[in-house]
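Enquirer: In this text, residue positions in the sequence shown follow this note's numbering: the first is 160, and each later residue adds one. Virtual Cβ for every residue (Gly too), placed ideally from N, Cα, C.
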Amino acid sequence: MRWGISSGIGTSDMAPPSAGSPALRRRRNSSQRLSLRKSVYFGEWHTQNDYIFLLQGLLRCGLCGRRMTPKSGTGRSGHLFPYYLCNAADKTNGLNCPNHYIPAESLDNAVMKFLKELQLKPDLLERFARESRAALSETVTRLIGDLERVREQIGSLTSKINRLADAIADGDQTSPLASLKAKIAGLEAERDDLKTQEGSLKNELAAEEGDLARVEDAQQSLDLFARLVQENEARPDCLKSLLAHFADYVVFKVTAKHEGTLEVALIADPVVVAPSIESGKKRGLNSS
Numbered sequence: 160m161r162w163g164i165s166s167g168i169g170t171s172d173m174a175p176p177s178a179g180s181p182a183l184r185r186r187r188n189s190s191q192r193l194s195l196r197k198s199v200y201f202g203e204w205h206t207q208n209d210y211i212f213l214l215q216g217l218l219r220c221g222l223c224g225r226r227m228t229p230k231s232g233t234g235r236s237g238h239l240f241p242y243y244l245c246n247a248a249d250k251t252n253g254l255n256c257p258n259h260y261i262p263a264e265s266l267d268n269a270v271m272k273f274l275k276e277l278q279l280k281p282d283l284l285e286r287f288a289r290e291s292r293a294a295l296s297e298t299v300t301r302l303i304g305d306l307e308r309v310r311e312q313i314g315s316l317t318s319k320i321n322r323l324a325d326a327i328a329d330g331d332q333t334s335p336l337a338s339l340k341a342k343i344a345g346l347e348a349e350r351d352d353l354k355t356q357e358g359s360l361k362n363e364l365a366a367e368e369g370d371l372a373r374v375e376d377a378q379q380s381l382d383l384f385a386r387l388v389q390e391n392e393a394r395p396d397c398l399k400s401l402l403a404h405f406a407d408y409v410v411f412k413v414t415a416k417h418e419g420t421l422e423v424a425l426i427a428d429p430v431v432v433a434p435s436i437e438s439g440k441k442r443g444l445n446s447s
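(1) Would you mind reading off the limits of the alpha helix (DSSP H) that contains Pro395?
(2) Could you give the residue range of the beta strand (DSSP E) that holds Phe411?
(3) Return the CA-CA distance between His238 and Ala424, expressed in angstroms with no decimal places.
(4) Is Thr251 buried or exposed, if buried means 16 or more other CB atoms sit within 10 Å of its CB?
(5) Would a C-beta distance cut-off of 9 Å place Leu217 and Val409 closer than the cut-off?
(6) Hey, Val270 and Leu214 are a contact pair by Cβ (cut 8 Å); roughly how many whole angstroms apart?
(7) Looking at the ligand FMN, does it come within less than 8 Å of Glu311, judged from the CB to the closest heavy atom?
(8) On a Cα-Cα basis, can you pick out the residue from Ile211, Phe212, Asp209, Gly224 that is closest to Glu422?
(9) Under a three-way DSSP split, which group does Ala358 fall into?
(10) Can you give the Cα-Cα distance for Asn321 and Glu349, rounded to whole angstroms?
(11) Is the CB-CB distance between Leu244 and Thr228 below 9 Å?
(12) Compare the beta carbon distance of Leu401 and Asn391 with 9 Å and say whether it is the shorter of the two.
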C-alpha cells in the first residue's frame, strides 16, 4: 500500500545556499524559532543540536531513486540546519541527479502529519484493507478460472492420447502407424505446455492467496502502528524506530506546480495501490 501526501515544500526551499549566505542565515533563524517552540513531533521540546532525522534510511529521491542521506549544515554562529541530500547528487556534485537538498523538518513534519491522520481516522485503515481485499479477490477468482480451463484442456488431450495409444495397441489398420505416433507426439507436446501453464498459474494463485492473507495481517499491523504513534508522539527517537519497523520507504517528489510531495509505503512489498481516499483538498491527503 502506498499513499501520497502533500508536504507543502516549494522548490525555492531546496536550493543549497552557502554556509554563510543570507539565505542560510534566514533559514537558521527560522529553524531556531521552530526549535524554541513545541516540537514538530507533537509535543517534545528539542534543541537544534539534537535533531532526530525520522526518515533516515527510508527516504529516496523521486528523481533518481537513490537514497537521501541526512546531513547538517552550520554557519559561523554555529546554528544547525538539518536536511536530506540525494546520494547521487552529493557524490557527483549534481551531475547524475540535479535534486537539491530538502529541509529535514519539512519532510519529517509532513510524514508525521500523515501518520497522525491515520491515528485520528482509523476508518482509513479499514478502507485501505477493504480495497486491497477486493482487488486481490478479483485476481484470485480470475486465476482459479484460468486454472480450471487449463486443467480441462489437459484432461481432453490426455483422453485423445489414450485413444490413439489404444488404437496402436489394437493394431488399427485405418491409419499408418507412423501417423498415429506423430499425432501422439504432437498431443503430448501440447499437454506438456499446458502443464507448464498449470504450474505457473498454481504458483501465481498461491502468491495471491498469500497476499490476501497478509492484507489481514497488514491491517492489524497498521492498527498497532497508529496506536504506537499516538503513545509515542512526544518521543521522536521512538517514532524513528517505529518508522524503521513499519515503513518500507518514503519517496520525495516535486510536482509540475513545484510543490513537494511524499509517497509513503507503510507495508513492505505493497500488494495494491489504493485509489483516492479523500475527495476534498482541505487536508492535502490523496493516494498515489
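Expert: Based on what the coordinates show:
(1) According to the DSSP assignment, Pro395 belongs to the alpha helix (DSSP H) that extends over 395-405.
(2) 408-413
(3) 33 Å
(4) Within a 10 Å sphere around the beta-carbon of Thr251 sit fewer than 16 other beta-carbons, which makes this residue exposed.
(5) yes
(6) 7 Å
(7) Among the ligands in the structure shown, none appear at all, so the ligand FMN cannot be discussed.
(8) Gly224
(9) A small correction: the amino acid at residue 358 is Gly; Ala does not occupy that position in the sequence shown. In the structure shown, Gly358 sits in a helix (DSSP, three-state: H, G or I).
(10) 14 Å
(11) For Leu244 and Thr228, yes; Cβs fall inside 9 Å.
(12) yes
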